[in-house]
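Participant: Chains as they are written, first to last, in the numbering used here: chain A, 5 to 308; chain B, 5 to 308; chain C, 5 to 308; chain D, 5 to 308.
Where is the CB? At the ideal position from N, CA and C, for every residue including glycine.
Note that the structure is predicted; figures quoted are calculated from it, not measured.
Protein chains: 4
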Amino acid sequence: MAPLPSEDDVRGWLAERRNWGRWGEDDQRGAFNLITPETIVEAARLVRTGVRVSLARPLPTAPGPSNPFPVIHTMHKHDHGHPSGSGESGDTVTATGHGPLMTHLDALCHVWDEHGMWNGRDPDAEIGLDGTRWGGIEQWREGFICRGILLDVPRHRGEPYVTLERPVHGSELVSIAAAGGIELRPGDAVVVYCGLAAYERENGPMRAELRPGLHASCMPVIRDWDCSLLVWDMQDLTPSGYDAAAWSVHGVLYAYGVGLVDAVVLEPLVEECHRQSRNEFLVIVLPLFIQGGTGSAVNPVAVF
Amino acid sequence: MAPLPSEDDVRGWLAERRNWGRWGEDDQRGAFNLITPETIVEAARLVRTGVRVSLARPLPTAPGPSNPFPVIHTMHKHDHGHPSGSGESGDTVTATGHGPLMTHLDALCHVWDEHGMWNGRDPDAEIGLDGTRWGGIEQWREGFICRGILLDVPRHRGEPYVTLERPVHGSELVSIAAAGGIELRPGDAVVVYCGLAAYERENGPMRAELRPGLHASCMPVIRDWDCSLLVWDMQDLTPSGYDAAAWSVHGVLYAYGVGLVDAVVLEPLVEECHRQSRNEFLVIVLPLFIQGGTGSAVNPVAVF
Amino acid sequence: MAPLPSEDDVRGWLAERRNWGRWGEDDQRGAFNLITPETIVEAARLVRTGVRVSLARPLPTAPGPSNPFPVIHTMHKHDHGHPSGSGESGDTVTATGHGPLMTHLDALCHVWDEHGMWNGRDPDAEIGLDGTRWGGIEQWREGFICRGILLDVPRHRGEPYVTLERPVHGSELVSIAAAGGIELRPGDAVVVYCGLAAYERENGPMRAELRPGLHASCMPVIRDWDCSLLVWDMQDLTPSGYDAAAWSVHGVLYAYGVGLVDAVVLEPLVEECHRQSRNEFLVIVLPLFIQGGTGSAVNPVAVF
Amino acid sequence: MAPLPSEDDVRGWLAERRNWGRWGEDDQRGAFNLITPETIVEAARLVRTGVRVSLARPLPTAPGPSNPFPVIHTMHKHDHGHPSGSGESGDTVTATGHGPLMTHLDALCHVWDEHGMWNGRDPDAEIGLDGTRWGGIEQWREGFICRGILLDVPRHRGEPYVTLERPVHGSELVSIAAAGGIELRPGDAVVVYCGLAAYERENGPMRAELRPGLHASCMPVIRDWDCSLLVWDMQDLTPSGYDAAAWSVHGVLYAYGVGLVDAVVLEPLVEECHRQSRNEFLVIVLPLFIQGGTGSAVNPVAVF
């Protein structure tokens with residue numbers, strides 16, 4: 005195994021290789037720009053069997069250590085007082101974003117480091133009481149509609165799930181792609197499966213502060229591949245082992261402009277890939293149009 | 005013009021022609037069943053230019069007569085106290101469903117009449133404090149992914165928008181389709197454009213209780229066409245003029261199992277259709293996975 | 005009638021007569037300081053008949069022009085799965101503050117003008133995403149417990165309610181007090197009754213932007229009297245007729261440090277005063293302990 | 005020490021000694037009826053030094069094991085666009101009731117057992133989507149204003165706090181009262197101090213499922229004393245050790261109609277009592293007017 009990257013390596017991936025300015029100083033869309041009419045047409049051609057798989061968890065309403073701010077879902081019902089006996093139900097949902105159990109898409113404004121938010125903006129200047137003025141989720145309201153590539157780490161390793169002792173390195177992502185005969189293309193969504201369900205069956209609920217997952221060395225690979233989106237079930241290796249950032253891989257959001265879809269359920273997707281002997285499909289992620297929002301609950305769907 | 009349908013006609017469309025039992029007594033998906041692997045593959049083939057159009061309004065946070073329960077969107081921000089200067093933003097959204105300004109998909113449980121909810125269930129038995137036990141939005145979590153057909157009423161009429169005096173009748177929907185050389189197929193999403201933006205420019209915000217839109221006579225047409233989804237900017241003609249239901253066309257939800265997408269913005273879609281001289285496209289509507297929910301805010305996207 | 009005060013008069017009341025620094029530069033309690041152990045003991049002695057009157061409206065859950073952000077009140081219920089058949093109900097309340105139908109106490113941070121918030125602080129520096137750092141409602145968590153004095157304008161005028169054409173002037177407050185043989189004392193709560201219920205019976209719901217009530221000339225009287233609290237059913241005359249502030253009397257909050265209790269129901273209090281031929285009583289206003297809050301829904305109670 | 009009460013004893017206290025029907029079959033106020041004009045006048049006479057002590061915790065916004073549904077408190081701020089530079093702040097609070105860290109008053113509808121809610125009503129019939137129709141918090145909107153009596157268990161024991169091994173029995177409450185020369189009177193609020201802060205300093209946050217506190221044997225004492233209100237820092241001994249109810253003492257709510265104030269901070273009250281060598285004072289608990297509510301966040305205040 006190669007030596008671990010140094011603190012300076014990680015800093016370099018965040019600072020020197022960043023995409024700031026690549027699509028203009030005023031760009032708020034980041035790697036979403038890599039999804040073009042051409043890539044969309046190509047991605048749509050991947051729909052061959054018409055099978056849909058949702059990657060969403062139910063909105064997490066039960067409190068617990070992994071769910072500090074449960075979604076509050078409450079009901080309404082009333083009669084119309086109309087001769088037809090017409091009636092109506094409704095509901096109210098209160099959702100606090102970015103929880104570890106809520107399937108969601110992070111907006112570019114969601115995280116930053118000392119160098120700033122996406123494209124170098126200052127979070128203190130851009131994020132206010134009325135929402136963010138920079139990199140809000142509304143920038144992506146046309147939706148991520150692109151080719152999705154599954155990288156199945158457990159299958160590659162012949163083990164049920166990724167462990168804290170052996171996080172996923174960038175070189176392993178490259179190996180998995182090569183072994184599967186996959187050539188990544190700009191604008192692709194990379195779906196990294198780490199075996200969360202199997203992990204939790206054996207170890208109990210994954211804790212936010214102690215998380216197997218992707219090592220910081222995955223960052224330059226994501227950058228080389230020019231992904232538009234990273235979809236993952238275990239997220240960042242935590243703790244990261246570096247001072248360069250408070251996370252292992254979340255930095256691809258503000259450094260490269262790559263979207264992140266957190267808290268997905270990947271087992272049904274993996275099964276369908278195996279069933280069809282495919283590792284590519286159409287991915288669709290349509291965030292709600294929340295002006296100035298820092299992210300959105302989503303229902304990501306893969307179509308085969 | 006043909007004589008107006010009678011009270012009995014309307015009752016008949018709701019009662020005799022209903023789809024209850026068509027997909028089994030325990031079916032909670034309704035006309036969503038008409039979307040099949042084959043129709044999905046065909047719909048995906050409509051993606052030829054890779055242009056995406058969102059039909060969503062921003063979540064409506066401003067109070068007003070048309071927005072009795074504004075969405076409350078508020079922000080969070082905190083530093084991580086990490087040497088990297090890492091920080092994070094988040095937000096909380098409180099949304100009460102089914103408002104006239106919030107783009108949303110109604111679940112099958114949303115409305116009913118004296119005969120019951122979809123498939124004849126009793127709303128008093130099925131709808132409880134924890135959500136609905138029948139026809140919840142989670143039933144559709146694989147998403148509506150289907151062919152969309154635009155029916156452009158103003159263009160057909162040569163007038164800027166539909167008026168209260170002259171609502172859209174079913175026969176007119178049939179004429180528009182015929183004039184456009186469109187043959188509807190089971191599982192299609194019908195998008196009926198009535199010119200809401202032009203209407204509101206001249207008349208001010210549309211009022212919930214006085215609404216031009218689709219006459220009850222559209223119901224049997226929706227049924228004949230076996231649509232899976234109805235997407236509309238003006239919704240039901242209100243008042244309906246009938247005692248058979250408290251609405252003109254919302255009955256297709258519980259009688260036929262057809263999904264409804266309310267409060268959409270259609271002008272950009274209409275423009276793109278004209279630009280490409282097309283009236284068909286891929287429609288994608290992915291509701292959030294709200295267990296027992298009566299609907300979901302959505303960001304419907306059309307792809308050309 | 006005396007000539008109307010000039011623009012400069014109003015500016016003077018807000019700027020020259022303000023209480024900034026009176027209790028120290030770091031004081032965040034304002035005229036609440038005028039409530040002392042002695043005034044509390046005296047106020048408690050006013051309890052002679054043991055009659056309690058609540059001045060609260062129900063939390064306003066119905067939407068409408070006067071209620072742009074309705075309170076959302078929704079229910080929970082569950083069984084404990086215990087042999088005793090034990091069960092439990094709960095609820096969730098989402099309340100957006102300061103609405104015209106929600107009985108509430110404004111914190112000192114609630115309003116400001118070009119000179120700043122209470123004691124001259126800068127709202128841009130003090131009010132952040134996590135709450136206010138200056139003049140929050142938690143400063144008053146020991147509660148307003150003081151003598152209340154009713155000033156009954158309609159009774160004094162022999163008219164059912166105050167009209168837009170004839171707002172309440174400071175001189176009239178002085179006259180009403182004199183006619184009732186009342187000598188105001190520092191720390192008193194002044195309750196100004198304008199006849200809101202009678203007004204709304206004849207004129208429909210009072211509109212926020214067109215409101216009879218207290219003229220700016222009431223400000224120096226409130227200041228002379230050294231009130232700790234102003235409780236009122238009609239609030240500020242709106243529009244104020246002056247450029248000095250966006251309101252007529254709300255300036256007493258940041259200029260004098262006087263608490264304001266808005267959206268009260270005063271008719272039952274007035275009736276009890278008449279029944280007992282009294283115009284003084286114990287007033288109790290206990291804000292919730294909301295750290296950094298801009299106010300609190302309250303249930304003000306008068307005890308006779 | 006006396007033998008532990010039997011299962012049948014506990015059942016008897018809940019069933020045979022209950023107050024159902026005592027104030028009429030339609031009574032929804034319970035022991036609140038024991039607060040009379042006379043007791044209010046007497047309680048007000050306890051105000052001798054004018055010292056106020058708040059028993060409220062700050063609304064609990066931080067998530068954690070003891071706070072499954074954190075209060076969400078978020079801010080608003082806007083300029084009025086007025087020549088005076090006037091501006092305004094506001095906030096939104098979302099609070100889910102009855103949490104172990106939120107100071108609140110339980111309404112009579114909050115809990116029940118197989119025999120029913122207060123006065124024998126059926127929770128399935130009374131508690132609906134729009135609130136409770138029986139025993140809602142609005143029944144008490146005139147407020148608990150009554151004599152408060154402190155029973156200081158740690159001082160009596162000469163130990164810093166109550167432990168799980170040695171919960172508080174009814175006989176001990178009687179002994180503490182006797183030792184203090186206190187004669188309880190109908191309508192009194194009993195404040196039982198168990199030393200929560202000292203407990204948590206040594207043992208970490210109290211867990212909801214493992215709680216020292218009041219043993220079921222306190223119930224008949226509360227009943228004998230005819231208290232209107234029970235204010236406590238440790239609540240019910242948990243687990244109770246009985247099958248008769250899912251709690252040790254919460255049954256006084258539905259069996260006797262006694263109000264409960266949970267999650268209070270009592271140390272400042274205890275200190276003031278010691279400072280003044282008193283164990284009686286005026287207690288004021290004013291619930292918000294929530295129509296059909298199951299309880300209310302409150303700021304209880306004691307006045308000496």
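Does the distance from the CB of GLU92 (chain C) to the CB of HIS84 (chain C) come in under 8 Å?
Facilitator: Mapped onto the third sequence, residue 92 (chain C) falls at position 88. Mapped onto the third sequence, residue 84 (chain C) falls at position 80. The answer is yes: Cβ separation under 8 Å.
Participant: Any idea what DSSP makes of SER93 (chain A), helix, strand or coil?
Facilitator: For this step, residue 93 (chain A) is matched to residue 89 along the first sequence. Note: SER93 (chain A) maps to strand in three-state DSSP.
Participant: Where do the ends of the alpha helix (DSSP H) carrying TYR258 (chain B) lie?
Facilitator: Walking along the second sequence from the start, residue 258 (chain B) turns up at place 254. 256 to 260 is the extent of the alpha helix (DSSP H) around TYR258 (chain B).
Participant: VAL172 (chain B): which of B:GLY191, B:ARG189, B:GLY199 and B:PRO190 sits nearest, CA to CA?
Facilitator: Walking along the second sequence from the start, residue 172 (chain B) turns up at place 168. Cα-wise, what sits closest to VAL172 (chain B) is B:GLY199.
Participant: Which complete beta strand (DSSP E) runs does the segment 197 to 275 of chain B hold, if anything under 3 residues is left out?
Facilitator: Fully enclosed beta strand (DSSP E) runs of 3 or longer: 233 to 236 and 263 to 266.
Participant: Could you give the distance in angstroms between the alpha-carbon of GLU206 (chain D) and the alpha-carbon of GLU271 (chain D)?
Facilitator: For this step, residue 206 (chain D) is matched to residue 202 along the fourth sequence. For this step, residue 271 (chain D) is matched to residue 267 along the fourth sequence. Whole-angstrom Cα-Cα distance: 16 Å.
Participant: Which residues in chain D have a C-beta closer than 8 Å to the C-beta of ILE141 (chain B)? List them in chain order.
Facilitator: As a working note, residue 141 (chain B) is residue 137 in the second sequence. The premise fails here: ILE141 (chain B) is roughly 18 Å from chain D at the closest Cβ pair, so nothing lies under 8 Å.
Participant: Could you please give the first and the last residue of the uninterrupted beta strand (DSSP E) stretch that includes THR43 (chain B)?
Facilitator: What you label residue 43 (chain B) is simply residue 39 of the second sequence in a count that begins at 1. Not the beta strand (DSSP E): THR43 (chain B) falls in the alpha helix (DSSP H), residues 41 to 48.
Participant: From LEU177 (chain D) to GLY217 (chain D), what distance separates their C-alpha atoms?
Facilitator: Start at 1 with the first residue of the fourth sequence, and residue 177 (chain D) comes out as number 173. Start at 1 with the first residue of the fourth sequence, and residue 217 (chain D) comes out as number 213. Between LEU177 (chain D) and GLY217 (chain D), the C-alpha separation is close to 12 Å.
Participant: Nearest chain C C-beta to LEU63 (chain A) closer than 8 Å, yes or no?
Facilitator: Your numbering for residue 63 (chain A) matches position 59 in the first sequence. It does not; no Cβ of chain C falls within 8 Å.
Participant: In chain order, what residues of the same chain lie with their CB nearer than 6 Å to the CB of TYR165 (chain D), ignoring the 5 residues before and after it?
Facilitator: Counted from its first residue, the fourth sequence places residue 165 (chain D) at position 161. PRO158, GLY199, ALA202 and TYR203, listed in sequence order.
Participant: For MET79 (chain C), which residues in chain A fall below 9 Å Cβ to Cβ?
Facilitator: Numbered from its first residue, the third sequence carries residue 79 (chain C) at position 75. In chain order: THR78 and MET79.
Participant: Give a yes or no on contact between the segment 248 to 267 of chain A and the segment 110 to 117 of chain A, applying the rule of three or more CB pairs nearer than 8 Å.
Facilitator: Because the criterion of three Cβ pairs below 8 Å is met, the segment 248 to 267 of chain A and the segment 110 to 117 of chain A touch.
Participant: Rounded to a whole number of angstroms, what is the C-alpha to C-alpha distance between PRO104 (chain D) and ASN71 (chain D)?
Facilitator: Numbered from 1 along the fourth sequence, position 100 holds the residue referred to as residue 104 (chain D). Numbered from 1 along the fourth sequence, position 67 holds the residue referred to as residue 71 (chain D). Spanning the two alpha carbons is a distance of roughly 7 Å.
Participant: Where LEU168 (chain C) and THR242 (chain C) are concerned, what is the direct C-alpha to C-alpha distance, given to the nearest angstrom?
Facilitator: Residue mapping note: residue 168 (chain C) aligns to position 164 of the third sequence, counting from 1. Residue mapping note: residue 242 (chain C) aligns to position 238 of the third sequence, counting from 1. Each residue's Cα considered, the two are about 8 Å apart.
Participant: Using a Cβ-Cβ cutoff of 7 Å, what residues of the segment 87 to 99 of chain B are near chain D? List them in chain order.
Facilitator: Hits within the stretch, in order: THR96 and THR98.
Participant: Taking HIS82 (chain D) as part of the beta strand (DSSP E), name the residues at either end of that continuous run.
Facilitator: Along the fourth sequence, one-based indexing puts residue 82 (chain D) at 78. Taken as a continuous stretch (DSSP letters only), the beta strand (DSSP E) holding HIS82 (chain D) covers 76 to 83.
Participant: Could you work out which residues of chain C lie near VAL51 (chain D), taking near to mean beta carbons separated by less than 7 Å?
Facilitator: One-based indexing of the fourth sequence puts residue 51 (chain D) at position 47. Per Cβ cutoff of 7 Å: ILE44, VAL45 and ALA48.
Participant: Per DSSP, PHE285 (chain A) forms a beta bridge with which residues?
Facilitator: One-based indexing of the first sequence puts residue 285 (chain A) at position 281. Paired residue(s): A:GLY152.
Participant: Helix, strand or coil: which one does DSSP assign to LEU109 (chain A)?
Facilitator: Start at 1 with the first residue of the first sequence, and residue 109 (chain A) comes out as number 105. LEU109 (chain A) falls in the strand class under three-state DSSP.
Participant: Do you know whose CA, among A:PHE308, A:ALA306, A:ASN303 and A:GLY297, lies nearest ASP95 (chain B)'s CA?
Facilitator: Here residue 95 (chain B) corresponds to residue number 91 of the second sequence, with the count starting at 1. When each option's Cα is compared against that of ASP95 (chain B), the closest is A:GLY297.
Participant: Considering Cα atoms alone, identify which of C:CYS277, C:LEU18 and C:ALA267 is closest to ALA212 (chain C).
Facilitator: Start at 1 with the first residue of the third sequence, and residue 212 (chain C) comes out as number 208. Nearest of C:CYS277, C:LEU18 and C:ALA267 to ALA212 (chain C), Cα basis: C:ALA267.
Participant: How far does the beta strand (DSSP E) with ARG56 (chain A) in it reach, from first residue to last?
Facilitator: Here residue 56 (chain A) refers to the residue found at position 52 when the first sequence is read from its first residue. Taken as a continuous stretch (DSSP letters only), the beta strand (DSSP E) holding ARG56 (chain A) covers 56 to 58.
Participant: My output table needs one value for ASN303 (chain C): the three-state DSSP class, helix, strand or coil.
Facilitator: Residue mapping note: residue 303 (chain C) aligns to position 299 of the third sequence, counting from 1. Looking at ASN303 (chain C) - three-state DSSP - the assignment turns out to be coil, as it is neither helix nor strand.
Participant: Relative to chain A, which residues along the segment 183 to 214 of chain C have a C-beta separation below 8 Å, given in chain order?
Facilitator: Per Cβ criterion, the list is empty.
Participant: Can you tell me whether SER232 (chain C) is buried or exposed, with buried defined as 16 or more other CB within 10 angstroms of its CB?
Facilitator: Reading the third sequence from its first residue, position 228 is the one you call residue 232 (chain C). Buried, because 16 or more other Cβ atoms sit within 10 Å of the Cβ of SER232 (chain C).
Participant: Using a Cβ-Cβ cutoff of 9 Å, what residues of the segment 268 to 290 of chain D are near chain C? List them in chain order.
Facilitator: Cβ contacts with chain C come from LEU286, ILE288, VAL289 and LEU290.
Participant: Would you call the segment 142 to 151 of chain D and the segment 30 to 39 of chain D in contact, with 3 or more CB pairs under 8 Å?
Facilitator: Enough Cβ pairs lie closer than 8 Å, so yes.
Participant: Starting from ALA182 (chain D), follow the alpha helix (DSSP H) in both directions and report where the run begins and ends.
Facilitator: Here the question's residue 182 (chain D) lines up with position 178 in the fourth sequence. Here the alpha helix (DSSP H) through ALA182 (chain D) covers 174 to 183.
Participant: Give me the Cα-Cα distance between ARG22 (chain A) and VAL262 (chain B), rounded to the nearest whole angstrom.
Facilitator: The residue labelled residue 22 (chain A) in the question sits at position 18 within the first sequence. The residue labelled residue 262 (chain B) in the question sits at position 258 within the second sequence. Whole-angstrom Cα-Cα distance: 47 Å.
Participant: Would you check if the segment 119 to 126 of chain C and the segment 116 to 132 of chain D touch, i.e. whether three or more CB-CB distances between them fall below 8 Å?
Facilitator: These segments do not touch.
Participant: For the candidate residues D:MET223, D:ALA66 and D:HIS77, whose alpha-carbon lies nearest to that of GLY16 (chain D)?
Facilitator: For the purposes of this step, residue 16 (chain D) is identified with residue 12 of the fourth sequence, where counting begins at 1. Nearest option by C-alpha distance: D:MET223.
Participant: For LEU8 (chain B) and chain C, any beta-carbon pair shorter than 8 Å?
Facilitator: Walking along the second sequence from the start, residue 8 (chain B) turns up at place 4. Judged by the 8 Å Cβ criterion, LEU8 (chain B) is not in contact with chain C.
Participant: Check whether the segment 286 to 305 of chain D touches the segment 54 to 63 of chain C, taking contact to mean three or more Cβ pairs, one atom from each stretch, closer than 8 Å.
Facilitator: Result yes; three or more Cβ-Cβ pairs closer than 8 Å.
Participant: So, using beta-carbon positions, are MET79 (chain A) and ALA301 (chain A) closer together than 8 Å?
Facilitator: In the first sequence, counting from the first residue as 1, residue 79 (chain A) sits at position 75. In the first sequence, counting from the first residue as 1, residue 301 (chain A) sits at position 297. For MET79 (chain A) and ALA301 (chain A), no; Cβs fall outside 8 Å.
Participant: Can you give the Cα-Cα distance for VAL305 (chain D) and ILE288 (chain D), rounded to whole angstroms?
Facilitator: As a first step, residue 305 (chain D) is located in the fourth sequence; it is residue number 301 there, counting from the start. As a first step, residue 288 (chain D) is located in the fourth sequence; it is residue number 284 there, counting from the start. Distance between the alpha carbons of VAL305 (chain D) and ILE288 (chain D): 5 Å.
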